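Here our numbering is used: the sequence shown runs in plain steps of one and ends on residue 326. In what follows, a single structure is set out as structure tokens and then discussed.
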Amino acid sequence: MKRILITGAAGFLGSHLCDKFIREGNEVIGMDNFLTGTEANISHLFKLKEFSFYHHDVTKFVHVPGQIDYILHFASPASPVDYLEMPIQTLKVGSLGTHNLLGLAKIKRARMLIASTSEIYGDPLVHPQRESYWGNVNPVGPRGVYDEAKRFQEAITMAYHNVHGVETRIARIFNTYGPRMRINDGRALPTFFSQAMSGQDLTVYGNGTQTRSFCYIDDMVEGIYKLLLSNYHLPVNLGNPDEVTILQVAKEILAITNSTSVIKKTKLPIDDPQMRQPDITLAKKELLWRPTVKRADGLMRTYSHLLSAF
Ligand code: NAD
Ligand code: UDP
Numbered sequence: 017m018k019r020i021l022i023t024g025a026a027g028f029l030g031s032h033l034c035d036k037f038i039r040e041g042n043e044v045i046g047m048d049n050f051l052t053g054t055e056a057n058i059s060h061l062f063k064l065k066e067f068s069f070y071h072h073d074v075t076k077f078v079h080v081p082g083q084i085d086y087i088l089h090f091a092s093p094a095s096p097v098d099y100l101e102m103p104i105q106t107l108k109v110g111s112l113g114t115h116n117l118l119g120l121a122k123i124k125r126a127r128m129l130i131a132s133t134s135e136i137y138g139d140p141l142v143h144p145q146r147e148s149y150w151g152n153v154n155p156v157g158p159r160g161v162y163d164e165a166k167r168f169q170e171a172i173t174m175a176y177h178n179v180h181g182v183e184t185r186i187a188r189i190f191n192t193y194g195p196r197m198r199i200n201d202g203r204a205l206p207t208f209f210s211q212a213m214s215g216q217d218l219t220v221y222g223n224g225t226q227t228r229s230f231c232y233i234d235d236m237v238e239g240i241y242k243l244l245l246s247n248y249h250l251p252v253n254l255g256n257p258d259e260v261t262i263l264q265v266a267k268e269i270l271a272i273t274n275s276t277s278v279i280k281k282t283k284l285p286i287d288d289p290q291m292r293q294p295d296i297t298l299a300k301k302e303l304l305w306r307p308t309v310k311r312a313d314g315l316m317r318t319y320s321h322l323l324s325a326f
């Protein structure tokens with residue numbers, strides 16, 4: 017049994033990670049300031065003796081009494097709409113927040129995994145993206161606040177590993193979806209579902225030819241779990257290589273929801289990456305991991321969950 021601190025615990029990925037680590041017989045300490053997360057995502061955990069919770073902003077000094085074996089740092093706005101609204105909080109949680117947690121990992125001799133992102137590749141000039149690609153990021157564009165915070169996060173994590181010998185893991189997470197995404201967080205899939213289910217137009221940005229590769233949450237949680245327990249300290253891509261255009265996924269959501277909504281093409285946001293697909297050769301080799309949930313199945317599961325919540 018390990019004692020694990022999970023930041024961003026009330027968010028989409030963080031809450032599923034709390035469930036996973038408790039299911040595996042561990043004690044979980046959740047930490048969140050509810051900036052973009054919600055108590056509803058973890059309310060089922062409060063009654064468990066294996067779960068405790070700190071309402072805390074990790075950009076402020078982090079204190080947790082007692083031993084900690086693992087730290088998973090997932091606190092950060094993650095939707096482009098969120099981080100464009102909260103650019104300074106986003107920069108601070110990736111930089112100051114990561115620094116605080118690395119300091120905690122150092123004194124507790126804990127292993128720390130950080131939630132990095134495919135956004136560190138920016139609008140990629142190499143396709144698919146493998147870990148050896150350094151990316152194409154505009155530091156002063158609107159998305160720079162997120163991309164550069166995450167690039168700094170990787171850099172300081174490597175520095176703590178190299179200088180202080182902290183055991184670290186770096187997950188480069190590609191677009192992930194599933195139950196508990198905030199319906200109004202502005203990301204493509206929850207937006208399309210809520211529009212389709214309420215009869216509004218589906219807002220496809222640009223001409224919809226930009227691509228993403230969507231990974232179902234259960235696969236992602238398994239990948240993160242395996243990476244944490246592995247011996248590999250360099251960055252690892254985690255995602256589903258099944259690439260699709262945004263227009264295609266909008267059409268799939270219309271079909272799944274049996275909706276009469278129509279697709280309306282609107283302006284493409286600045287610096288929106290044109291294509292994105294993970295090369296997961298490294299994860300397959302080092303973690304013996306690959307995603308197994310097909311998009312049709314994952315979208316259907318997400319829809320069923322939304323129907324019960326609507
Ligand atoms: P989310 O918005 O659902 O969850 C983030 C959580 O962090 C929220 O509960 C929020 O309240 C909390 N938080 C933000 N700032 C905080 C602070 N200063 N102190 C304490 N808590 C704070 O987002 P998510 O999709 O679950 O993403 C979680 C992590 O995974 C993020 O670090 C994100 O960058 C990374 N990630 C997610 C995806 C994805 O597709 N979902 C892809 C790549 C990387
Ligand atoms: N997108 C869209 N309509 C929306 C929301 C997003 O067409 O209402 C597009 C967005 O421009 C991007 C893709 O869908 O090309 C994925 O966007 P998301 O916000 O989900 O994540 P990103 O991968 O850009 O961080």
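Note that CB positions come from ideal geometry on N, CA and C, so glycine has one too. For clarity, every value in this text was computed on a predicted model and none was experimentally measured.
Exercise for review: Return the CA-CA distance between Gly222 and Arg292, expressed in angstroms with no decimal places.
Suggested key: Using only the alpha carbons, I get a separation of about 16 Å.
Exercise for review: Using DSSP bridges, identify the partner residues of Gly46.
Suggested key: Note: Gly46 sits in a beta bridge opposite Ile22 and Phe69.
Check your understanding: Since Lys281 sits in a beta bridge, which residues does DSSP pair it with?
Key -> For Lys281, DSSP records a beta bridge to Val220.
Check your understanding: Under the three-state reduction of DSSP, which class applies to Thr261: helix, strand or coil?
Key -> For Thr261, the three-state secondary structure derived from DSSP is strand.
Review point. Is the beta carbon of Gln105 within less than 8 Å of some heavy atom of the ligand NAD?
Key: Closer than 8 Å to some heavy atom of the ligand NAD: that describes the Cβ of Gln105.
Exercise for review: Please indicate yes or no: does the CB of Glu135 lie closer than 8 Å to some heavy atom of the ligand UDP?
Suggested key: Within the cutoff, so yes.
Check your understanding: Is any heavy atom of the ligand UDP found at a distance shorter than 8 Å from the C-beta of Thr52?
Key -> Thr52 Cβ: outside cutoff for every heavy atom of the ligand UDP.
Exercise for review: Could you please give the first and the last residue of the uninterrupted beta strand (DSSP E) stretch that includes Ile189?
Suggested key: Per DSSP, the continuous beta strand (DSSP E) segment holding Ile189 begins and ends at Thr184 to Ile189.
Check your understanding: Is it buried or exposed for Val278, if we count other Cβ within 10 angstroms and need 16 for buried?
Key -> Its Cβ having fewer than 16 others within 10 Å, Val278 is exposed.
Check your understanding: If Met236 sits next to Val182, beta carbons under 8 Å apart, how far is it from one beta carbon to the other, in whole angstroms?
Key -> Not a contact, Cβ separation roughly 24 Å.
Practice item. For Gly24, verify whether its CB is less than 8 Å away from any heavy atom of the ligand NAD. Key: Taking 8 Å as the cut-off, one finds at least one heavy atom of the ligand NAD near enough to the beta carbon of Gly24.
Check your understanding: Roughly how many angstroms separate the alpha carbons of Ala91 and Val265, rounded to a whole number?
Key -> One C-alpha to the other measures close to 28 Å.
Practice item. Confirm, please, whether the CB-CB distance from His89 to Pro113 is below 9 Å. Key: For the sequence presented, residue 113 should be read as Gly rather than Pro. Their beta carbons are under 9 Å apart, which means Gly113 touches His89 by this criterion.
Check your understanding: Looking at the unbroken alpha helix (DSSP H) that takes in Asn152, where does it start and where does it end?
Key -> First-last for Asn152: undefined, no H or E at that position.
Review point. What residues match up with Pro294 in a beta bridge as DSSP calls it?
Key: BP columns for Pro294 point to Gln145.
Point to revise | Counted within 10 angstroms of its Cβ, other Cβ atoms place Asp73 as buried (16 or more) or exposed | key: Classification for Asp73: buried.
Exercise for review: State yes or no: is the C-beta of Pro289 nearer than 8 Å to some heavy atom of the ligand UDP?
Suggested key: Yes - the ligand UDP has a heavy atom lying nearer than 8 Å to the Cβ of Pro289.
Check your understanding: Quick one, which of Tyr149, Pro155 and Ile269 has its alpha-carbon nearest Ala312's?
Key -> Of the candidates Tyr149, Pro155 and Ile269, Ile269 places its Cα closest to the Cα of Ala312.
Point to revise | Start-to-end residues for the beta strand (DSSP E) that takes in Leu254 | key: It spans Val252 to Leu254 - the beta strand (DSSP E) in which Leu254 sits, taken as one unbroken run.
Check your understanding: Helix, strand or coil: how does DSSP classify Met17 here?
Key -> Coil, per DSSP.
Exercise for review: Pull up the distance between the alpha-carbon of Asp139 and that of Asp287, whole angstroms please.
Suggested key: For Asp139 and Asp287, the distance between alpha carbons rounds to 7 Å.
Review point. Which first and last residues belong to the alpha helix (DSSP H) in which Tyr241 is found?
Key: In the DSSP annotation of this structure, the continuous segment of the alpha helix (DSSP H) that includes Tyr241 starts and ends at Ile233 to Leu245.
Exercise for review: Using alpha carbons as the reference points, say which of Thr192, Leu33, Trp305 and Arg19 lies closest to Phe230.
Suggested key: Phe230 has its Cα closest to that of Thr192, out of Thr192, Leu33, Trp305 and Arg19.
Review point. Excluding five sequence neighbours on each side, which residues of the same chain lie with their C-beta closer than 6 Å to the C-beta of Gly53?
Key: For Gly53, where only same-chain residues beyond five positions count, the Cβ hits under 6 Å are Ala26 and Gly27.
Practice item. Tell me whether Asn200 counts as near the ligand NAD, meaning its Cβ is closer than 8 Å to at least one heavy atom of that ligand. Key: No.
**Study point:** Reduced DSSP category for Gly138 - H, G, I as helix; E, B as strand; rest coil
**Key:** Assignment of Gly138 by DSSP, reduced to helix, strand and coil, places it in the strand class.
Review point. If you draw a straight line from the C-alpha of Met213 to the C-alpha of Ala204, how long is it?
Key: Approximately 14 Å, taken between the alpha carbons.
Point to revise | Proximity test, Val74 beta-carbon vs the ligand NAD heavy atom, cut-off 8 Å | key: The beta carbon of Val74 sits closer than 8 Å to at least one heavy atom of the ligand NAD.
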